[in-house]
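Participant: Numbering (this note's numbering), first residue to last: 14 to 374.
Please see the structure below; I have some questions.
Set out below in structure tokens:
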């Protein structure tokens, strides 16, 4: 199958919009994530539902504004001011129909302890009743509604990976700004690598309940903050066979992020007792300080741009050297002059991910 990978967005952020446009369109598209559904929507021919009991609500991604390419395009153009040609260039109609015709996609709400979390679940429509591998995708960003996963973000890696024969599941994390103002329930908390890691681990039983899921073949794929989440998660479960980490922070102690606005806007706001326990809090979120806790039988692919302005590639090089000495199978693929998102090398990045999954999942 061929799709236009170069046209799509990435990592919870709409990279092709101007900053002025981004807030408007994301506010609009986020409505997809917060629209309440009283009844679950079953797709014709889907033998894998109903889902695990923790899933309290789910709906077809291709519903509402997204039920047709035209309605999605027109609604976006009318409500956001994005030019029609700009939209068409970024999201091709061929890709839309390819994904809609060949994948099941659900927006899900699931329960973790006493709170609710939103997420997405995708898998191929045709699998010949085979058991297939799963990928848990961990997004980057923080609790801001501008960093949460939206329908357009699925075009980046989630839909393509589902087309390749994977179950793909992703959490918005507790505390994410994906709920309507009228929501009175418990939406959890985002502690930036704290309590919300459990929201990621809670996806594993949902995978296990799917008849087509191979319980022994689960990968985690995280970008930026999602890489940190993945590394923490694998110290709490033995179910993950391989990790794919893009632009992953592994050492917040030496990171320039802790001396930038990011510290006040994200770290000190989200991490409990941050100012009183800064060093401890940062080490708990920095895998280089507890690398010995990472399972030795896990295979890790790290993807990083040498011109990443947010996460210094040298910290990743040091981390890779350390875990190699610990006996972990790890590969670091560096992209010369590559950015934090590696958007400029997306085709190559995607092919590297596919090759890694074929050999390690």
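C-beta atoms are modelled at their ideal positions from N, C-alpha and C, and glycine is treated no differently.
Because the structure is a prediction, the values reported are computed rather than measured.
Excluding the 5 residues flanking residue 301 on each side, which residues of the same chain have their C-beta closer than 6 Å to its C-beta?
Facilitator: If you number the chain shown from 1, residue 301 lands on position 288. Correct list, in chain order: 263, 264 and 332.
Participant: If we ignore side chains and look at the alpha-carbon of each, how far apart do residue 330 and residue 180 end up?
Facilitator: The count along the chain shown starts at 1 and reaches residue 330 at position 317. The count along the chain shown starts at 1 and reaches residue 180 at position 167. Between residue 330 and residue 180, the C-alpha separation is close to 31 Å.
Participant: Ordered along the chain, which non-local residues of its own chain (more than five positions away) have a Cβ less than 8 Å from that of residue 350?
Facilitator: Numbered from 1 along the chain shown, position 337 holds the residue referred to as residue 350. Cβ neighbours of residue 350 beyond the five flanking positions: 318, 319 and 320.
Participant: Residue range of the beta strand (DSSP E) that residue 348 falls in?
Facilitator: The residue given as residue 348 occupies position 335 in the chain shown. Residue 348 -> beta strand (DSSP E) spans 342–348.
Participant: Per the contact definition of three or more C-beta pairs closer than 8 Å, is the stretch 105–124 in contact with the stretch 153–163?
Facilitator: no
Participant: Quick one: is residue 91 buried, meaning 16 or more other Cβ sit within 10 Å of its Cβ, or exposed?
Facilitator: Taking the first residue of the chain shown as position 1, residue 91 is located at position 78. Per the 10 Å Cβ criterion, exposed.
Participant: Apart from the five residues just before and just after residue 83, which ones in its own chain have a Cβ nearer than 8 Å to its Cβ?
Facilitator: Here residue 83 is taken as the residue at index 70 of the chain shown, counted from 1. For residue 83, where only same-chain residues beyond five positions count, there are no Cβ hits under 8 Å.
Participant: Apart from the five residues on each side of it in sequence, which residues of its chain come closer than 7 Å, Cβ to Cβ, to residue 199?
Facilitator: Within the chain shown, residue 199 is the residue found at index 186, counting from 1. Excluding positions up to five away in sequence, the list reads 127, 128 and 129.
Participant: To which residues does DSSP link residue 122 through a beta bridge?
Facilitator: As a working note, residue 122 is residue 109 in the chain shown. DSSP lists 70 and 131 as partners of residue 122.
Participant: Leaving aside the five residues before and after residue 352 along the sequence, list all residues of the same chain whose C-beta is less than 7 Å from its C-beta, in chain order.
Facilitator: In the chain shown, counting from the first residue as 1, residue 352 sits at position 339. Excluding positions up to five away in sequence, the list reads 318, 320 and 321.
Participant: Determine the contact status of residue 134 and residue 150, defining contact as a CB-CB distance below 7 Å.
Facilitator: The residue labelled residue 134 in the question sits at position 121 within the chain shown. The residue labelled residue 150 in the question sits at position 137 within the chain shown. No. Outside cutoff.
Participant: Does the separation of the CB atoms of residue 148 and residue 232 fall below 7 Å?
Facilitator: One-based indexing of the chain shown puts residue 148 at position 135. One-based indexing of the chain shown puts residue 232 at position 219. Yes, these two residues count as a Cβ contact at 7 Å.
Participant: Look at the Cβ atom of residue 184, then the Cβ atom of residue 124, and state whether they are nearer than 7 Å.
Facilitator: On the chain shown, residue 184 is found 171 positions in, with the first residue counted as 1. On the chain shown, residue 124 is found 111 positions in, with the first residue counted as 1. No, the Cβ-Cβ distance between residue 184 and residue 124 is not below 7 Å.
Participant: Between residue 257 and residue 287, what straight-line distance do the alpha-carbon atoms span, to the nearest angstrom?
Facilitator: Within the chain shown, the letter at position 244 stands for residue 257. Within the chain shown, the letter at position 274 stands for residue 287. Taking the straight line from one Cα to the other gives about 28 Å.
Participant: Starting from residue 179, trace the beta strand (DSSP E) in both directions and tell me its first and last residue.
Facilitator: Taking the chain shown and counting its residues from 1, the one referred to as residue 179 is at position 166. Taken as a continuous stretch (DSSP letters only), residue 179 belongs to no beta strand (DSSP E), as it is neither H nor E.
Participant: On the three-state DSSP scale, how would you describe residue 92?
Facilitator: Walking along the chain shown from the start, residue 92 turns up at place 79. If DSSP states are grouped into helix, strand and coil, residue 92 belongs with the helices.
Participant: Out of 249, 176 and 178, state which residue places its alpha-carbon closest to the alpha-carbon of residue 210.
Facilitator: For the purposes of this step, residue 210 is taken as residue 197 along the chain shown, with counting starting at 1. Nearest C-alpha to residue 210: 249.
Participant: Which of helix, strand or coil does DSSP assign to residue 267?
Facilitator: As a working mapping, residue 267 is identified with position 254 in the chain shown. Residue 267 falls in the coil class under three-state DSSP.
Participant: From this set, 314, 187 and 373, which residue's C-alpha is nearest residue 347's C-alpha?
Facilitator: For the purposes of this step, residue 347 is taken as residue 334 along the chain shown, with counting starting at 1. The option with the nearest alpha carbon to residue 347 is 314.
Participant: How far does the alpha helix (DSSP H) with residue 218 in it extend, from its first residue to its last?
Facilitator: To locate residue 218, count along the chain shown from 1; it is residue 205. Looking at the DSSP string, the run of the alpha helix (DSSP H) that includes residue 218 is 216–221.
Participant: Identify every residue that forms a DSSP beta bridge with residue 255.
Facilitator: In the chain shown, counting from the first residue as 1, residue 255 sits at position 242. Note: residue 255 sits in a beta bridge opposite 232 and 312.
Participant: Output the distance between the C-alpha atoms of residue 10 and residue 206, rounded to the nearest integer angstrom.
Facilitator: Beyond the ends of the chain as shown, which are 14 and 374, falls residue 10; an answer cannot be given.
Participant: For the candidate residues 158, 131, 203 and 136, whose alpha-carbon lies nearest to that of residue 170?
Facilitator: As a first step, residue 170 must be located in the chain shown, where it is residue number 157. That would be 136, whose Cα lies nearest to the Cα of residue 170.
Participant: What is the DSSP secondary structure of residue 104, counted as helix, strand or coil?
Facilitator: The count along the chain shown starts at 1 and reaches residue 104 at position 91. Reduced to three states, the DSSP call for residue 104 is coil.
Participant: Could you have a look at residue 160 and say whether DSSP puts it in helix, strand or coil?
Facilitator: Walking along the chain shown from the start, residue 160 turns up at place 147. In the structure shown, residue 160 sits in coil (DSSP, three-state: anything other than H, G, I, E or B).
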